[in-house]
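A short worksheet on the structure shown next.
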Ligand code: GUN
Ligand code: ZN
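Residue numbers (the working numbering): 317 to 748.
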């Protein structure tokens, strides 16, 4: 029998989406304890019951701490770790000034290894247990990332970024090499241990129609892969797409035409959508990924969370490191709350926590494995200290219920709020 462990605290599970409940908190259940066995959640319930079921298990008492599924970050660029928080540009200038020069360095496997390790150290310290990452055009950058995640036992998604135009020469592949290199990486990594591959055309402006077509064909050959790209992030980007693809009905059509719209597709940002695009995304059950710190930092716009949720879209939440200005899903939830306020639709703490866990897991089509605490789910957990700084502690001390107690941590918390992190049933981070 594998290692057994019981964590006692306030254990948060979702019975359904808090966006579908009359009162968001009614979608949630708070239990006294969670039992882990062999890397999975074995049971959730009263401590006495779990003790009776697993008399050998060690019990860790976390008092009033909140125990929830590890955070799932549905859209990141690990190669942008070292250029996070670069000043003053908007999307296309930001890519050319900061991003592309940094991404050129990832042909060097040693550098890619260094940044992959640094990135996973930082995200783990912030309570994130799964990410879906872009790499660079270099296959080495994908090998580096998957190797690092595999060694840590982490469930991650990643893919080689494909670009065959409008990028510096050192960052361009071709339609054929993008297809063949991606195919070789799928063969090497897809569904090995906890790893999954995402076919990754960066966005329409940096791919020729030939490359989009080749990647659409690759996806048809490997339908169990996810596909990730960017969609309608900034208005000048959308105008540029119209110039580059004069036949296209809209931005989404540049993907749709080449077989790059599907249920396992992830569309980052998706801010300035037309009615047709919204309709098609919903029809396919594709996932939209909200990147609120990025959208304010690069000045992109305000994602329509309430409207898109109301029409039944599948939506995940993400940092978009390093266009996003943080590695923290707490900070990202705070930004999502602020964007909601600017649109007149504040999100409830239960909705924010759901987006950062089960919502993103649903976007990644991994909702049966991660993003919630329930028997049979993989034991990726985070233990949140709801009084991690004096400022937060004095506010949460006034709270009359759990939602009021956790909200100051969502709004003001950072890695100091992450008391423990568990990945695959192993404690990988502990703050004393
Ligand atoms: N659009 C195309 N590439 C990128 C990127 O790296 N970051 C963001 N935020 N948007 C993009
Ligand atoms: Zn991005």
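No residue lacks a Cβ here, since even glycine has one placed at the ideal position from N, Cα and C.
Using DSSP with H/G/I as helix, E/B as strand and the rest coil, what is residue i?
i, result
"residue 449", "strand"
"residue 708", "helix"
"residue 395", "helix"
"residue 390", "strand"
"residue 385", "strand"
"residue 508", "coil"
"residue 517", "strand"
"residue 627", "coil"
"residue 474", "strand"
"residue 694", "strand"
"residue 734", "strand"
"residue 700", "strand"
"residue 725", "helix"
"residue 648", "helix"
"residue 444", "strand"
"residue 406", "coil"
"residue 666", "helix"
"residue 748", "coil"
"residue 420", "helix"
"residue 671", "helix"
"residue 554", "helix"
"residue 678", "helix"
"residue 561", "coil"
"residue 540", "coil"
"residue 524", "coil"
"residue 317", "In this prediction, residue 317 has a pLDDT of 43, which is less than 50 and means its spatial position is unreliable; nothing more can be read from the coordinates."
"residue 611", "helix"
"residue 432", "helix"
"residue 457", "helix"
"residue 590", "coil"
"residue 579", "coil"
"residue 661", "coil"
"residue 534", "helix"
"residue 466", "helix"
Can you check DSSP and say which residues form a bridge with residue i?
i, result
"residue 633", "606"
"residue 739", "742"
"residue 716", "In DSSP, residue 716 forms no bridge with anything."
"residue 330", "344"
"residue 546", "584"
"residue 640", "637"
"residue 322", "351, 375"
Between the Cα of residue i and the Cα atoms of the options, which residue gives the shortest distance?
i, options, result
"residue 588", "417, 377, 700, 555", "555"
"residue 645", "385, 470, 496, 372", "385"
"residue 372", "321, 737, 417, 742", "321"
"residue 334", "370, 675, 388", "675"
"residue 569", "584, 590, 551", "590"
"residue 586", "576, 567, 572, 575", "567"
"residue 428", "468, 603, 452", "452"
"residue 515", "509, 494, 508", "494"
"residue 602", "616, 577, 615, 619", "577"
"residue 330", "723, 711, 345", "345"
"residue 402", "549, 638, 594", "638"
"residue 658", "619, 628, 688, 690", "619"
"residue 607", "559, 656, 358", "656"
"residue 375", "628, 740, 324, 683", "324"
"residue 343", "739, 328, 357", "328"
"residue 354", "332, 616, 604, 319", "319"
"residue 734", "387, 687, 332, 513", "387"
"residue 745", "442, 709, 414", "442"
"residue 530", "571, 563, 629", "571"
"residue 369", "358, 339, 378", "358"
"residue 730", "743, 700, 491, 468", "700"
"residue 540", "579, 560, 564, 741", "579"
Taking 8 Å as the threshold (beta carbon to beta carbon), is residue i in contact with chain D?
i, result
"residue 725", "Among the protein chains of the structure shown there is no chain D, as only one such chain exists."
**Message:** Tell me whether the region 672-687 and the region 436-456 touch, counting them as touching only if at least three CB pairs, one residue from each stretch, are closer than 8 Å.
**Reply:** yes
Every unbroken beta strand (DSSP E) inside the region 335-381 [3 residues or more]
344-353, 356-361
Point to revise | Given 8 Å, three or more beta-carbon pairs between the region 639-652 and the region 357-366 | key: no
Between the region 520-528 and the region 542-560, do three or more beta carbon pairs fall short of 8 Å? yes
Note down, one range per segment and in chain order, each alpha helix (DSSP H) of at least 4 residues found wholly within the region 477-505. 491-505
Original post:
Do the region 701-720 and the region 617-632 make contact, defined as three or more Cβ pairs closer than 8 Å?
Top reply: no
*Should the region 426-445 be called in touch with the region 389-399, which here means at least 3 C-beta pairs below 8 Å?*
yes
Any contact of the region 602-617 with the region 419-426, i.e. 3+ C-beta pairs under 8 Å? no
Should the region 487-501 be called in touch with the region 471-479, which here means at least 3 C-beta pairs below 8 Å?
yes
Using 8 Å as the Cβ pair cut-off and three pairs as the minimum, do the region 349-358 and the region 686-703 touch?
yes
If contact is defined by three or more beta carbon pairs under 8 Å, each pair taking one atom from either stretch, is the region 665-674 in contact with the region 625-642? yes
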